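Peer 1: Residue numbers (this note's numbering): 15 to 316.
Starting off with a structure, shown below.
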Ligand code: BG6
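In structure tokens, the structure reads:
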């Protein structure tokens, strides 16, 4: 992989894109344009931060996150692929392997509307095929503007079909988890991962007063994360996703994770744009699928 300095020479753009080093051998793309600031690690093509001008940070990033090869960053937007959650073979990493590997930066571009577009990619190699025997290419297009958009294109390059699950596992920053509502999943069925995957139906908004770990399916509508103390709505528009995972580990589980900052569970909520549980994506040779998410912020209207 290229060093941060080499990447800076090739992809740096005056006054908007610079490539720095978070830890040795660990490049991070810093975007700072007229609309927003954001940072994206090449490791995992992981959007770590996003902050539109005049707003508090939109994504939650643990102060104790670890920046080293093979370890997923705690917070931001991990890309879970080609499987979501634990693999039945426990030797294989939870949430797939692409969040634990370095991606390539393909291009950086400053657009006429003041937004910045980055394209990152990853494909199969011997190591990936030792865990998952298929030939694939993933391309993530990130556009940083007033809105943050992610488009993950997955393509089957081999001669056998495959099925995948996965997610854009967004961690959002909130003022106080007990004072937020997740809207848009009312009357949707969910499986409760804390109650042996029992099925329920959501009534009203989702609220948090303890650990919560649920897969909503079918969940096709856009979602709103309403933050009452911050008086703002985080709007989530999704494409190519039929399920949504909502997660907060609460105190005990968060404390069991070394990279989860102490007390941090109070300031985060995961609302994950997913394909999992009831829905998998099947790709025949040559086929592709696009999983997309657009995140924006508005003053709430309540
Ligand atoms: C969520 C899952 O998506 O990710 C949880 O629903 C899991 O069950 C959480 O604990 C975090 O996973 P990880 O592998 O990043 O610690």
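Built from N, CA and C at the ideal position, the CB exists for glycine as well.
Here the structure is a predicted model, which means the values were calculated and not measured.
Just list the alpha helix (DSSP H) runs in the segment 106-164, keeping only unbroken ones of 4 residues or longer that don't cross its boundaries, in chain order.
Peer 2: Here the runs fully enclosed are 140-145.
Peer 1: What ranges does the beta strand (DSSP E) occupy inside the segment 168-254, keeping only unbroken runs of at least 3 residues that lie completely in it?
Peer 2: Those beta strand (DSSP E) runs which fall completely within the segment 168-254 and span 3+ residues are 176-178, 180-182, 185-187, 194-197, 203-206, 212-215, 226-230, 237-241, 246-253.
Peer 1: Does DSSP put residue 276 in a helix, in a strand, or in coil?
Peer 2: Position 262 of the chain shown holds residue 276. Reduced to three states, the DSSP call for residue 276 is coil.
Peer 1: Pull the bridge partners of residue 32 from the DSSP assignment, please.
Peer 2: For the purposes of this step, residue 32 is taken as residue 18 along the chain shown, with counting starting at 1. 44, per the DSSP bridge assignment.
Peer 1: Starting from residue 264, follow the alpha helix (DSSP H) in both directions and report where the run begins and ends.
Peer 2: In the chain shown, counting from the first residue as 1, residue 264 sits at position 250. 264-269 is the span of the alpha helix (DSSP H), which, as asked, contains residue 264.
Peer 1: Are residue 170 and residue 298 touching if we call contact CB-CB under 9 Å?
Peer 2: For this step, residue 170 is matched to residue 156 along the chain shown. For this step, residue 298 is matched to residue 284 along the chain shown. Yes, the Cβ-Cβ distance between residue 170 and residue 298 is below 9 Å.
Peer 1: Taking Cβ to Cβ, would you say residue 62 is nearer than 9 Å to residue 107?
Peer 2: Sequence index remark: in the chain shown, residue 62 carries index 48 (1-based). Sequence index remark: in the chain shown, residue 107 carries index 93 (1-based). No, Cβ-Cβ distance for residue 62 and residue 107 is not below 9 Å.
Peer 1: Determine the direct distance from the alpha carbon of residue 235 to that of residue 101, and round the result to whole angstroms.
Peer 2: Mapped onto the chain shown, residue 101 falls at position 87. Mapped onto the chain shown, residue 235 falls at position 221. In a straight line, the C-alpha of residue 101 is about 28 Å away from that of residue 235.
Peer 1: Where does the unbroken alpha helix (DSSP H) through residue 19 begin, and where does it stop?
Peer 2: The residue labelled residue 19 in the question sits at position 5 within the chain shown. 18-25 is the extent of the alpha helix (DSSP H) around residue 19.
Peer 1: By the 10 Å Cβ neighbour count, where 16 or more other Cβ atoms means buried, how is residue 27 classified, buried or exposed?
Peer 2: Along the chain shown, read from residue 1 onward, the residue named residue 27 stands at position 13. It is exposed - the Cβ of residue 27 has fewer than 16 other Cβ atoms within 10 Å.
Peer 1: Just checking my contact of residue 251 with residue 181 at CB under 8 Å: how many whole Å lie between their CB atoms?
Peer 2: Looking up residue 251 in the chain shown gives position 237. Looking up residue 181 in the chain shown gives position 167. The Cβ separation is near 16 Å, so there is no contact.
Peer 1: Look at the Cβ atom of residue 184, then the Cβ atom of residue 90, and state whether they are nearer than 9 Å.
Peer 2: Against the chain shown, residue 184 aligns to sequence position 170. Against the chain shown, residue 90 aligns to sequence position 76. Closer than 9 Å, so yes.
Peer 1: Can residue 145 be considered in contact with the ligand BG6, in the sense that its beta carbon sits closer than 8 Å to one or more heavy atoms?
Peer 2: As a first step, residue 145 is located in the chain shown; it is residue number 131 there, counting from the start. Result no, Cβ not under 8 Å from the ligand BG6.
Peer 1: Could you tell me how far apart the beta carbons of residue 116 and residue 57 are, in whole angstroms, since I believe they sit closer than 8 Å?
Peer 2: The count along the chain shown starts at 1 and reaches residue 116 at position 102. The count along the chain shown starts at 1 and reaches residue 57 at position 43. So it is a contact: roughly 5 Å between Cβ atoms.
Peer 1: Quickly, what does DSSP pair residue 63 with across the bridge? List them, please.
Peer 2: As a first step, residue 63 is located in the chain shown; it is residue number 49 there, counting from the start. Answer is 53.
Peer 1: Would residue 283 pass as a contact of residue 186 if the rule is Cβ separation under 9 Å?
Peer 2: Looking up residue 283 in the chain shown gives position 269. Looking up residue 186 in the chain shown gives position 172. Yes, they are a contact pair.
Peer 1: With a 10 Å radius around its C-beta and 16 neighbouring C-beta atoms as the bar for buried, classify residue 129 as buried or exposed.
Peer 2: As a first step, residue 129 must be located in the chain shown, where it is residue number 115. Residue 129 comes out buried.
Peer 1: From the beta carbon of residue 50, is the nearest beta carbon of chain D less than 9 Å away?
Peer 2: Absent from the structure: chain D. Only one protein chain is present.
Peer 1: With burial defined as no fewer than 16 other Cβ atoms inside 10 Å of the residue's Cβ, what is the status of residue 214: buried or exposed?
Peer 2: Residue mapping note: residue 214 aligns to position 200 of the chain shown, counting from 1. Classification for residue 214: exposed.
Peer 1: Residue 313: buried (16+ other C-beta within 10 angstroms of its C-beta) or exposed?
Peer 2: The sequence position of residue 313 within the chain shown is 299, counting from 1. Exposed: under 16 other Cβ atoms inside 10 Å.
Peer 1: Assuming residue 311 is part of the beta strand (DSSP E), what are its boundary residues?
Peer 2: The residue labelled residue 311 in the question sits at position 297 within the chain shown. Where residue 311 is concerned, the enclosing beta strand (DSSP E) stretches over 302-313.
Peer 1: For residue 237, count neighbouring Cβ atoms within 10 angstroms of its own Cβ and tell me buried if that reaches 16, exposed if not.
Peer 2: Within the chain shown, numbered from 1, the residue matching residue 237 stands at position 223. Answer is buried; the Cβ neighbour count reaches 16.
Peer 1: Take the Cβ of residue 18 as the centre, count every other Cβ of all protein chains shown within 10 Å, and call the residue buried at 16 or more, exposed below.
Peer 2: In the chain shown, residue 18 corresponds to position 4, counting from 1. By the neighbour-count rule (16 or more Cβ atoms within 10 Å), residue 18 is buried.
Peer 1: For residue 99, is the beta carbon positioned less than 8 Å from some heavy atom of the ligand BG6?
Peer 2: To locate residue 99, count along the chain shown from 1; it is residue 85. Yes, the ligand BG6 has a heavy atom inside 8 Å of this Cβ.
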